[in-house]
Each structure stands twice: as C-alpha cells, then as structure tokens.
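Student: The structure's right below; bear with me while I get my questions together.
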Amino acid sequence: MVMMYLVLVLCVGRALSMMVPLLDDIEPRVGETCGYDSCTQAEAGLLNVHIVPHTHDDVGWLKTVDQYYYGSRNNIQKAGVQYILDSVVKELWQDPKRRFIYVETAFFWKWWTRQSDDVRHKVHVLVRQGRLQMVGGAWSMNDEAASHYHSTIDQFTWGLGKLNETFGACGRPRVGWQIDPFGHSREFASLLAAMGYDGLFLGRIDYQDKRARLKAKNMEMVWRGDDNLGKPSDIFTGVLYNTYSPPPGFCFDVLCDDEPIIDDPDSPIFNVDQRIDKFLDYVTEQGKRYRTNNVLVTMGGDFTYQDAAMWYKNLDKLIQYTNLKAAKDGLDVKLFYSTPDCYLKAVRDANPSLPTKQDDFFPYASDPTAYWTGYFTSRPTTKYFEREGNNFLQMVKQLQVLTQLQEHNKFVLDELKSAMGVMQHHDAITGTEKQHVAHDYERMLDEAIEDASIIAKQAFNKVFQGDALKPPLLNYERCRFNESSCHVSENKKSFVVTVYNPLAWKVTEPVRIPVVEGNYAVFAPNGEEITSQLIDIPENVRNIPTRQSKATHEVVFLAYLMPLGFKSYYISNKDAKTKRDATYKNTNKRDGDYYINLNDYWKNIKTKPYIDIKNLEDGQLNTDVNLNKDTEKIPDSVNLKNNNDVLNQGKVSEELDVAMLKDKNDVISEDILQLEKIIREAKRNMEKMERENPRDNVSKKLNYLSLNDEEMRMLSDDPMVVSTFDDMFIENEYIKIRVDNATGQITQMIQQNSTLDLAVRMYYWTPCYGDNSNTSQRSSGAYIFRPNITIPFELKILHTQVKKGPIVSEIRITTPGNASSVLRLYSGLNFLEHDFVIGPISVDDNIGKEYVVRYETNIFNDGIFYTDSNGRQMLKRKLSERPQWNLTLEEPIPGNYYPVTNKFTIEDTESRLSVLTDRSQGGTSLVEGNIELMLHRRLLHDDAFGVGEALNEEANGVGLVVRGRHRLLKTNPDNTDELIAERKKVLELHYPPIIFVSDAENLEYKDWLTLTNMYSGVKNSLSTGLHLLTLEPWSGSTLLLRLENYLDKSVNSTIEIDLGTMFKSLKIVSFKETTLAANQFLSDHRKWSWKTDDEFSESFNKGYGFFDNVTKAKDDAEVVMDDGLKVRIKAKQIRTFIVVYEYLANVSGA
C-alpha cells in the first residue's frame, strides 16, 4: 500500500532542520504495513482476545508536566514518562509481534526531540510496521465538560500535526481514546467524526448506565454527534470493559503487586495453569457482554511500563500458554497482541447491528453518592484564564497572517499552542489537580501569553507606523482587568487604549479602564471626543486581596469595533476640577417615622447617611442611591455647618448646612448651580417623556434619562417627602430592570411587549464530609459535588445601590459571606450583565461552602432545561431523568447538575431566558423557573479520588476571590431572528475584544492623530451565520482557514462565501479541503458505515420525552458544490481549508 507523506501542505510547522524526518524514514518499505493492514486477522468461530498494552500518562495531575516527564518528586507519585518510552521502544524492538499504543503527544514530542538519530530510526520502523500505534493523538487527552470546541480543535490540530510531520500517514491516529475523562460530550463525538476518526473508546460512564449496557450487550454503539449534521457526525463508540485497567490480578508492572506468570514446572510456585484458568474465566465473561467474537483487554494503567520488560515477559507467557491450552483442550479462544485500531477493524469485519445514541454521557457517577459534577466549577479562575488564553491565541494567529509578520514568530506562537493544549487536559481545565500543579499550569500559560504578545505589539506597530521593526511609540501592556487594575492607566495622565476584535463581524463592546478619580476625555481614532462615564469601582473589587492597584474608578465607553481588527483610543485626564454630583445613602430600616429636625433623624440610626459629591460631567448625573425603605418628612432648612475635612474627601458631613451652599462663592456653590440647571432640564425632559412614553410601557427605543422623579426631588432644595421607592429601576433602549425597595431585590425584566419576573439571589451549599470509607461517608471534593442539605442557605441582601449614567447604569447588591453582585445595562446593548465577586469564602466555622447564583423567574419550564455541549450545540435535560436508562437517584441535587460551557436556557411558550457564562460552570434547574449556576467552591476535605488534597484555594493567605460575569438574554422562543442574535452573543462573550493599554505621556494627542489608529483585516463583515474560526500561518505560502456555520438547520440553510474577496491585504489563490484537524485531505477520507438496531430521530431535543411518536432522521440529500473560490457551508458545518495565498500590498488601516 502506497501512502504519500504530505510534506509541504499538511505539516503543522516547519521544525528545525535536524527535526525534519527524511521521506525514506516515513514511507513504508516493501513488506511493511501499518494501520489496519498491519492487524492480526481475527478468526471466525473463536473468541478473539485483543491484548492492548498501553500507558495512561496524565499531562499534569499530582505532579507537574516536567515532574512527570523527568520522574521528579517520586515521593508524590512514582512516575517518569521518559523511562516509559525508553523502555517500551527497547522491548518492542526485540519482538515484532509485540504492540504498544501511545496517546499524549505533548509527552511524546518532549521525548522525541531529545532522542538520538538511532532511536528515532527505530521508532520510525516501529511506526511503519504498525507495532507502535498512536491513538487519540491530541496534545493531551482533553476534558469534555469544560473544554470549548475551539480549544479542542486547536489542540488536536497541534498534536496531530506533529505526528503527521514526523511519521506521515502511518502516524495518523484512527481512533479516539478517551479513557479517563469524567463524562463524555456529544459535541466531542461530532468533532472526532469530522476529524476523520473511525471510532472512539471510552473508559468512564455512569455506573447505572454501564450496568444496563452490560446486561443488554449495548457496550458498543453508533453515536450521532449532531442532528444538524446527521450521518457525517456518526461515530462508532465502544465502552471498555474495565475502564482502562488490566483484569484483576494481571497488572505486571513495577507499580503493582500482582503475581507474575511462573512457568518453571520445577518451581514450587509454578502457577501457569492457575493463572491461565483465571484469565480465561475473565475474558469468557467479558465476551458475553459484547456483540461480536472480539474483546479488547487493556493491559496498562497510570504511568505503567516504566519497566516494560516486566510487562512483555509476562504478556508473552500469557498469550503463549493460553493459546497452547486452547489448542490442547479445544477451546474457542485466541489471544494476540493488538491495538484499538485492530480491534475496531475486527468488529467492523464482523458487521454487527449496533444500538444508537443521540444524547451524551453526563453527568457521570461512579457510585450512588459519587456524582462527578463538582469539577464543572472547581478552580474557576483557572477556567477563566484558559478562556483568555484561547482568545489571545486566536488574536496572535490572526495578526501574524493579516499584518505579514516575520516567520520567526513561529516559536512563540508554538509555545502558546503547546500551553493551550496542556490546559485542555482532563486534570487541568477541570481543576482536579494538586495546588502546586495548578500554579504550574498558570505559570506556563502566563509565560506563553506574555511571549506571544510580541506578535500583537509588532502587528499594531506595523499598522501604526508601517514597519513592525521600527522603534515602537507605544508599549501595549496587558492589564488585570478582572481585578480592575492597570498600572499604566492608573499612573499616567495620558494613555492609549488599543482594542482588538477577533471576530469577523462588527462588535459593540463596553470598555472599562481602571483609573484614579479625575476628569477624563476619550478620543476615538478620528479625533472625536466620545461619550464616556467615570464610575467608582465596587468595594468588593477594590478589596480583592491579590489586587495591587490604586485605581478607584473606571472610565467606561463603548467601542464600536471593526471586524477582525482594532481601534485605538486616546484618553487623557483634563486636570480640571472634577464636577460632582450628589449621592444619597441610607441603610436604615425604620417604618413610618417622621422627624421634625433632620439632626434628630441622624441620631436615631446606626449607620449615618451622607451626601457624596461625585462626578458631574457633560450634564449627566451619575447618582448612587442606597435604596431607602423609610418615609420621612424632610424640613425646609437644615442647620448644619461646613466641615472642610470631609469636603476634601468628596463628602458633605452631617453638620453642613445645605442652605449655606447657595450663599458661598466657592466650588461647591458652582456645583450646586450646575446641579440645579441639570435638575430643571431633567424635569422638563421627564415631563415630556412621561407624556410620550408612560413608564410602564417600555418601548423598543426608550429616550434614556439618567434621573427619575424621586432622585430629582432628593437633589432639590424644596421641601419634600421621601416616599418608599416602590419602583426604582435602571433602563436602556431595550430593557428596564425594576427593583423592590422593600427587599433591595430586582423584580422584573421588562422589554417591548413582554415582562419577565426576575430575581437574582446568591446561595451556598454546605458539603458532606467523611472518611470516604464507604459511599455514605463520601465527601464533596474537587471531583465530587455532594451537599449535606436539600435547600441551600440564602445570602440575604444587606444593601442595594443604584447608579445611573450615559453609558452604563448599575444595581449594586451586597450580601454577607463576601458575595456581591453588580447588575448592569449598557446603553444600546440588549442584555443584562451580572458582574459577581465571590470570596474570600469563610471557613472559620470549619465548614466548606459551594456558592451558587439562582436566576428566579416565572417561566414554566416543567423541569426541562437546556445546556450547551462544549459551546456549540444545545442538549435538552429533564429533571431527575436520563434518556436511555431508568435512573435511581440517591443524590438528587448533584445528580441533576450538568456542565455549562457557554450557555444555559429555560423556556416556555412565551419566554426564553438564556444565561451566557464567561467560563465553564456547573448548572441545573432544581426549582421551577430557576436557573442555578455554581460560581465558586472552597472545601476542607478530599473526595478520595486521587488528588489527596482538599479544594481549598488561597491567595495572599486568605481564600481565593473569584470575579466573573454572566449575560442574561430574554428572547421570544418563536422569534428566529432573536435566536440567531442570541447565538451571535454567545460567540461575542466567548471571544471578547482584547485590550492593551499604553503610556502616552510622551505621545502628544496631535501626533497620535497622525498614526493609523484603526484597522480591519477583512473587506466586509461575514454574513450572519458565518464565523471565521481559524486563520493561522501554515506551511510555506499556505494558511489554515476554518469557516463555521454556527446556526441550526431549523433557522438556516447553506451559506455561500467568496474566499477570493474575504481579506484586504491578501488574496486566496487556491485551496484544498481537509478533515477538521487538517491532517488528512478530505478527498482521501473514507467514512465507515454501520448497521443500527433502530433509526435516529430527526432531533434529539424534539424527540426526548416523545420517543413513541418521533420524526425519524432522513439522510441529507443536499450536495454542496463549490464554485471556484466560492464555497458553501451547511448548517452547523465547519469546513477546513489549506489555502495558497499571496499578499496584495502592504498592511494599511481601515
């Protein structure tokens, strides 16, 4: 069989010259075969026992990646990957019958680059002859709950590319090997099918599911990965019999205590007969549970084969003596070395009819009290950092191409690809590693991002000045925006903010830059001063223990960003005295008391109110009102006296006479005059707006006003009654959020022609803890979520504040337990943002806590909710139910938790509420109309699944603080346009603009204006439904390009795009399509078909619960034909191209 090595086009990168293998090493010689052609033929009428030697090498878990590779810190775990590969190659070389599989390319590549030419030659021979086979082949064995589909595709592309460039077609994995992840996603199955894999093997599935499958001989199935894609997304899926371990008693490793096979008949401990009989009993029982005459027996485990000779000496004997006994006694059994590829081929040759599956394998439980749903949320800051890393990777890949940067940047780009590949590992992004390993993951990613930032700096410099290598005018610093800190902006009077949009369509994004209090002006690229707002940083953010910042405020403005491009904004502090507004605060809870004198009122409250003088800019009043539950008579005059010390702090003390302010010729009287002018204008506008738009009827486009009647009365000098705020609110053009002053809780989300009851409440679960000696003593831990209560503790609201301004209006809610929420509406944007800060979580009571938020609505979802699968498709869930087997649920709370990568949705016939997350989390809907998402966990006990540490994250000596955000979208479930817009919003949150801040004190505004301060890499925004998933440098004069149709077939048909006219600075000349991971030309791929017991339903979500009356799926008859460079992309399809291109001209701005 002749296999062409795709030297030029399909290699992921150009390795160092000494690393590039010769064609003679790659192509099979005469008589050599690899892949399926190298398999031992299974025999009809016999039980064919496929002995599969393997090792499972975690890319970090109890030890760091380097500690595992080099065998360091063996006091933690005796494991050294370099010794495994050294030992295995030596043993395989000695006997051509032996086989071995390897999975984790991150470790293999680290080992390969350190080998001599002689060792590499031997490995090439082993691969060419099918004796060493790669399975899986990604950079790591990725998690399937928290990993996003884009990160999964990238890390497979990176790992498979290394194998392809080194071994050619013989090194291409043909099966997926997901033996250790803690649950399996439907989208991952779809991705593997699109990558050209023929099969997928799983280790862990729910213990009840496995029991039912063993009984019904349903351990192997055809899994449909996506109903929109249909048959092309189908993949054979097999569940391994014993997870991935050897049969009990047959672990022949230095890490095991099992007896070897002793074949000296003169020895008193001769045990061949005993051992063979035991093994035959095991495989005979296993054979009863599968549909063909083939069984796969895994021989290996975690970091096994450090001394491969122990294994192969015993396995040789096991195979030899079992086959001799079978021949002698006429047993219908045959043992031989094999691989998952060869097992799959044997099953296919047997041509069984298989059951089908259309849902997924979440949640996973290993016993009645061990639901592996805690890791959906564990280490939330690590999960967020991984998402930032993916976004940064896409940006630098795009900029490297679009701005025609030098090829030597490849090395820092590869470093970031490697770090992101490691982060997808099922003990990395999951948060199920030891603490020092988590720190090492973060170190690795942070260094890779910092090194790769040179690409962004060169790209911006090239656009600004026309030359990437010119001395830069700006330094483009990364800031810790999640802590609202930025060294440059809070220390410089002038600075430049550069905002890059990695999406190929226009995006409007709020930008928040940390600063000290001042009077700031924001200038757009064209020199126009744009509307901005100065707002104070919430107290819980300022108090984050790790925060090292003197910023007290944020400058907020809206950036209208071009597709696949950036804009630069010049911001300066005007050095003028900051105008101020008035803030009334009161946390008292008295009912119905009236006071003749305001001083008497102050004497009777515990927390004294004050009037806070804050920013008044451009006629906009930014009010901060702590909701008042009282009704008081405020008299005409108030006898107070001036207190300059308090005034210097921006506050007016209790003793200040407000009436005096009009009589003094100072800054305060100027502020008051300005304030009165604004109040008069606001009253007139309010009266006009009330006539045109009654407040209860929120139109699609409201005339925004920052003051309501009550606030204006509070700020005037007229006698007034401060009544209960029954209808406090914030609003923008699309949404109005009402607040109940009696509770401080939001109550409604109002849009055009619809009102949704909505409350946002924080709770925490307290965990079970025990010694884990049996299921009833199971503790909640890094993997396991197991609360010891059935109703969580609610964190009651302490106080609520409302702030309003021209860009953003906020409701700030503080609760006990170091938890706070800011609910935001931005001008012109149709979502409600929830910015939350959790922590430090107190464990002073020696009790861990698991914090959740509940969005409580009046939607009648009837126990049905939807969670996304790796950020790409939505799956229907039903409370306390599983689609394919009868569920017995001893843990009804964690047993109803599911992974949420990007989105959680509930709906009824009238309303649909979706919560978009900024990182992966666990979620459920335990109560009718509620969405519950877990935000943070701090625990004091381990769950005994290997980590050996409690999930007790600390920073600066206290519990870790988490800050995150959700975006809430309310839509009409029957409105197609709104559903499409929602999908777009999911992508916009996952790929937010990336912000750099530069010192501009040596760059005058007029000089900045002469630079090219805006840029777009595409000629036009992509059509709705299309997403530019990948644009990255490939090999020679080629690029890797992926385009995704992100819409379902129910709302979208095929979309056409002309590749020849996409980009501004480059022209695509030709292309060739590949499988999803770009390691095989699509024209060379042949998909396997399988017989099934039943037909697939047209839509799992529609059919779930109505299986007796469900529409069956039909094969898609549409044939997509491209027209030259015009390509067509079907619903939910991702197409991957290696394109030949040429640059048209030098990079220029928009």
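FYI, the numbering for the sequence shown is -17 to -1, 1 to 1133, going by mature numbering (1 follows the signal peptide of the UniProt record, and there is no 0). Here a beta-carbon is modelled for each residue, glycine too, at the ideal position from N, C-alpha and C.
What does a CB cutoff of less than 6 Å around residue 1015 pick up in its chain, not counting 5 residues either side in sequence?
Tutor: The residue labelled residue 1015 in the question sits at position 1032 within the sequence shown. Result list for residue 1015: 380 and 1023, in chain order.
Student: Closest to residue 718 by C-alpha separation, out of 726, 798 and 807, would be which residue?
Tutor: Walking along the sequence shown from the start, residue 718 turns up at place 735. Among 726, 798 and 807, the Cα nearest to that of residue 718 belongs to 807.
Student: Determine which residues share a DSSP beta bridge with residue 1141 and list them.
Tutor: There is simply no residue 1141 to check, as the chain begins at -17 and stops at 1133 in what is shown.
Student: Residue 282 to residue 233, Cα distance in whole Å?
Tutor: Here residue 282 corresponds to residue number 299 of the sequence shown, with the count starting at 1. Here residue 233 corresponds to residue number 250 of the sequence shown, with the count starting at 1. Looking at the two C-alpha atoms, the distance is approximately 8 Å.
Student: Would you call residue 954 buried or exposed, if buried means 16 or more other Cβ atoms sit within 10 Å of its Cβ?
Tutor: By one-based count along the sequence shown, residue 954 stands at place 971. By the 10 Å Cβ count, residue 954 comes out buried.
Student: For the putative contact between residue 1084 and residue 859, defined by C-beta atoms under 8 Å, what is the C-beta separation to the nearest angstrom?
Tutor: In the sequence shown, the residue the question calls residue 1084 occupies position 1101. In the sequence shown, the residue the question calls residue 859 occupies position 876. Rounded, the Cβ-Cβ distance is 4 Å, consistent with contact.
Student: Is there contact between the segment 325 to 338 and the segment 351 to 360, where contact requires at least three CB pairs shorter than 8 Å?
Tutor: no
Student: Whose CA, out of 1072, 48, 342 and 105, lies closest to the CA of residue 90?
Tutor: Sequence index remark: in the sequence shown, residue 90 carries index 107 (1-based). When each option's Cα is compared against that of residue 90, the closest is 48.
Student: Given a cut-off of 8 Å on the beta-carbon distance, is the pair residue 764 and residue 924 in contact?
Tutor: If you number the sequence shown from 1, residue 764 lands on position 781. If you number the sequence shown from 1, residue 924 lands on position 941. Yes, these two residues count as a Cβ contact at 8 Å.
Student: Of all the CB atoms in chain D, is at least one closer than 8 Å to the CB of residue 841?
Tutor: Absent here is chain D; the protein component of the structure consists of one chain.
Student: Which first and last residues belong to the alpha helix (DSSP H) in which residue 70 is found?
Tutor: Locating residue 70 in the sequence shown gives position 87, where the first residue counts as 1. First-last of the alpha helix (DSSP H) with residue 70: 64 to 77.
Student: Are the CB atoms of residue 365 and residue 432 within a distance shorter than 8 Å?
Tutor: As a working note, residue 432 is residue 449 in the sequence shown. As a working note, residue 365 is residue 382 in the sequence shown. No. Outside cutoff.
Student: Say whether the segment 142 to 151 touches the segment 124 to 132, bearing in mind that this needs 3 or more beta-carbon pairs closer than 8 Å, one atom from each stretch.
Tutor: no
Student: Could you round the C-beta distance between residue 1060 and residue 140 to whole angstroms and report it? I think they count as a contact, below 8 Å.
Tutor: Translated into the one-based positions of the sequence shown, residue 1060 becomes position 1077. Translated into the one-based positions of the sequence shown, residue 140 becomes position 157. The Cβ separation is near 5 Å, so the contact holds.
Student: Can you give the Cα-Cα distance for residue 889 and residue 170, rounded to whole angstroms?
Tutor: Taking the sequence shown and counting its residues from 1, one reaches residue 889 at position 906. Taking the sequence shown and counting its residues from 1, one reaches residue 170 at position 187. Rounded to whole angstroms, residue 889 to residue 170 spans 20 Å at the Cα level.
Student: Can you tell me whether residue 624 is buried or exposed, with buried defined as 16 or more other CB within 10 angstroms of its CB?
Tutor: Position 641 of the sequence shown, counting from 1, holds the residue named residue 624. In this prediction, residue 624 has a pLDDT of 32, which is less than 50 and means its spatial position is unreliable; what the coordinates show is noted afterwards. The residue in question, residue 624, is exposed, as its Cβ has fewer than 16 Cβ neighbours within 10 Å.
Student: Hey, out of 1074, 22 and 847, whose CA is closest to residue 320's CA?
Tutor: The residue given as residue 320 occupies position 337 in the sequence shown. Out of 1074, 22 and 847, 22 has the C-alpha closest to the C-alpha of residue 320.
Student: Based on DSSP bridge pairs, tell me the residues matched to residue 808.
Tutor: Looking up residue 808 in the sequence shown gives position 825. Answer is 792.
Student: If the criterion is Cβ atoms closer than 8 Å, does the pair residue 222 and residue 198 meet it?
Tutor: Residue 222 sits at position 239 when you count from the first residue of the sequence shown. Residue 198 sits at position 215 when you count from the first residue of the sequence shown. In this structure, the beta-carbon distance from residue 222 to residue 198 does not fall below 8 Å.
Student: Sort out for me which residues DSSP pairs residue 206 with in a bridge.
Tutor: Within the sequence shown, numbered from 1, the residue matching residue 206 stands at position 223. Its beta-bridge partners are 218 and 340.
Student: According to DSSP, simplified to helix, strand and coil, what is residue 97?
Tutor: Within the sequence shown, numbered from 1, the residue matching residue 97 stands at position 114. Coil, per DSSP.
Student: Taking the alpha carbon of residue 59 as the reference point, which residue from 419, 102 and 13 has its own alpha carbon closest?
Tutor: Counting from one through the sequence shown, the residue named residue 59 turns up at place 76. Of the candidates 419, 102 and 13, the one whose C-alpha sits nearest the C-alpha of residue 59 is 419.
Student: Does the Cβ-Cβ distance between residue 359 and residue 882 come in under 8 Å?
Tutor: Here the question's residue 359 lines up with position 376 in the sequence shown. Here the question's residue 882 lines up with position 899 in the sequence shown. In this structure, the beta-carbon distance from residue 359 to residue 882 falls below 8 Å.
Student: Can the beta-carbon of residue 834 be found less than 8 Å from the beta-carbon of residue 821?
Tutor: Numbered from its first residue, the sequence shown carries residue 834 at position 851. Numbered from its first residue, the sequence shown carries residue 821 at position 838. Cβ distance < 8 Å, so residue 834 and residue 821 count as in contact.
Student: When you compare only the Cα positions, how much space is there between residue 447 and residue 1109?
Tutor: In the sequence shown, counting from the first residue as 1, residue 447 sits at position 464. In the sequence shown, counting from the first residue as 1, residue 1109 sits at position 1126. Taking the straight line joining both Cα atoms gives about 33 Å.
Student: Under 7 Å Cβ to Cβ from residue 1126, same chain only, skipping five residues before and after it: list those, please.
Tutor: Your numbering for residue 1126 matches position 1143 in the sequence shown. Closer than 7 Å at Cβ, skipping near neighbours: 387, 1048 and 1049.
Student: Taking only three categories from DSSP, how would you classify residue 963?
Tutor: Here residue 963 is taken as the residue at index 980 of the sequence shown, counted from 1. Note: residue 963 maps to helix in three-state DSSP.
Student: In or out: residue 1074 buried (at least 16 other Cβ within 10 Å) or exposed?
Tutor: Sequence index remark: in the sequence shown, residue 1074 carries index 1091 (1-based). So residue 1074 counts as exposed.
Student: In the DSSP assignment, find the beta strand (DSSP E) that holds residue 848 and state where it starts and stops.
Tutor: Taking the first residue of the sequence shown as 1, we reach residue 848 at position 865. The continuous beta strand (DSSP E) containing residue 848 extends over residues 847 to 852.
Student: Is it true that the CB of residue 440 sits closer than 8 Å to the CB of residue 455?
Tutor: Reading the sequence shown from its first residue, position 472 is the one you call residue 455. Reading the sequence shown from its first residue, position 457 is the one you call residue 440. Yes, these two residues count as a Cβ contact at 8 Å.
Student: Distance, Cα to Cα, residue 570 vs residue 428?
Tutor: Working through the sequence shown from its first residue, we reach residue 570 at position 587. Working through the sequence shown from its first residue, we reach residue 428 at position 445. The predicted model places residue 570 with a pLDDT of 43, which falls under 50 and marks its position as unreliable, so this point remains unresolved.
Student: Starting from residue 1197, follow the alpha helix (DSSP H) in both directions and report where the run begins and ends.
Tutor: Residue 1197 falls outside the range modelled here, since the chain spans only -17 to 1133, and no answer is possible.
Student: From residue 46 to residue 102, what distance separates their C-alpha atoms?
Tutor: Against the sequence shown, residue 46 aligns to sequence position 63. Against the sequence shown, residue 102 aligns to sequence position 119. Taking the straight line joining both Cα atoms gives about 27 Å.
Student: Please state if the CB of residue 119 and the CB of residue 86 are separated by a distance shorter than 8 Å.
Tutor: Taking the first residue of the sequence shown as 1, we reach residue 86 at position 103. Taking the first residue of the sequence shown as 1, we reach residue 119 at position 136. Closer than 8 Å, so yes.
Student: Under three-state DSSP, which class holds residue 273?
Tutor: As a first step, residue 273 is located in the sequence shown; it is residue number 290 there, counting from the start. For residue 273, the secondary structure class from DSSP, reduced to helix, strand or coil, is coil.
Student: Could you tell me whether the segment 963 to 970 touches the segment 886 to 902, using the rule of 3 or more Cβ pairs below 8 Å?
Tutor: yes
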